[in-house]
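Heads up, the thing below is written out as structure tokens.
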Amino acid sequence: FWLKRFGSTPSMANVPVADLSKEQQDELLCTYAALILHDDGAEINPQNMTNLIKAAGCNVEAYWPLLMSKMISNVGMETLIKLGSGAGGGGGGGGGGGGGAAAGGDGGAAAGATEEKKVEEEEEEEDMEFDLFG
Numbered sequence: 502f503w504l505k506r507f508g509s510t511p512s513m514a515n516v517p518v519a520d521l522s523k524e525q526q527d528e529l530l531c532t533y534a535a536l537i538l539h540d541d542g543a544e545i546n547p548q549n550m551t552n553l554i555k556a557a558g559c560n561v562e563a564y565w566p567l568l569m570s571k572m573i574s575n576v577g578m579e580t581l582i583k584l585g586s587g588a589g590g591g592g593g594g595g596g597g598g599g600g601g602a603a604a605g606g607d608g609g610a611a612a613g614a615t616e617e618k619k620v621e622e623e624e625e626e627e628d629m630e631f632d633l634f635g
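Everything in the sequence shown is counted per this note's numbering, starting at 502 for the first residue and increasing by one.
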């Protein structure tokens, strides 16, 4: 799939980790630690992040886990994952409805139109909330 679409296999980043500054590496380590903790269902706090980073044989400046865990507790991990994915809400599931019209009523059509309008409004609101440079 990837070769057909992009001409090569996807990469995690355009810059090798060795070329990152110490601060960028620390941020990356904390990001990975937070994602691992989140995936495991563990509490994302400075101590858990530090323990995980040290278990990986790495170390970061002491303020990074505190900073990252505070941001995660304020914003929410799910929100951060959605913002960082670069994916714009995937269009959702379509169809459904239509059964009412086949049964002789048109109540389903009116409800479907209302739902479509609501989904479009939500997508517009989500697009407006994201600020790449803010």
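C-beta atoms are modelled at their ideal positions from N, C-alpha and C, and glycine is treated no differently.
Please read these numbers as outputs of a predicted model, since none were measured by experiment.
Nearest candidate by alpha-carbon position, reference residue i, set the options
{"i": "Ser522", "options": "Leu538, Val561 and Tyr533", "result": "Val561"}
{"i": "Gly585", "options": "Cys559, Glu544, Leu538 and Leu529", "result": "Leu529"}
Whole-number beta carbon distance between residue j and residue i, since they are thought to touch under 8 Å
{"i": "Ile573", "j": "Leu567", "result": "Between Leu567 and Ile573 the Cβ distance is about 11 Å, and since that is not below 8 Å, they are no contact."}
{"i": "Trp565", "j": "Asp527", "result": "5 Å"}
{"i": "Leu538", "j": "Met550", "result": "7 Å"}
{"i": "Ile545", "j": "Met578", "result": "7 Å"}
Residue i classed as buried or exposed, judged by whether at least 16 other C-beta atoms fall within 10 angstroms
{"i": "Ala563", "result": "exposed"}
{"i": "Ala534", "result": "buried"}
{"i": "Gly599", "result": "Unreliable placement is indicated for Gly599, whose pLDDT of 49 sits below 50; the coordinate value is still reported in the next sentence. Label assigned to Gly599: exposed."}
{"i": "Val576", "result": "exposed"}
Give, in chain order, every unbroken run of the alpha helix (DSSP H) that is at least 4 residues long and sits entirely within the stretch 537-587. With a minimum length of 4 residues, the continuous alpha helix (DSSP H) runs that stay inside the stretch 537-587 are 547-556, 564-576 and 578-585.
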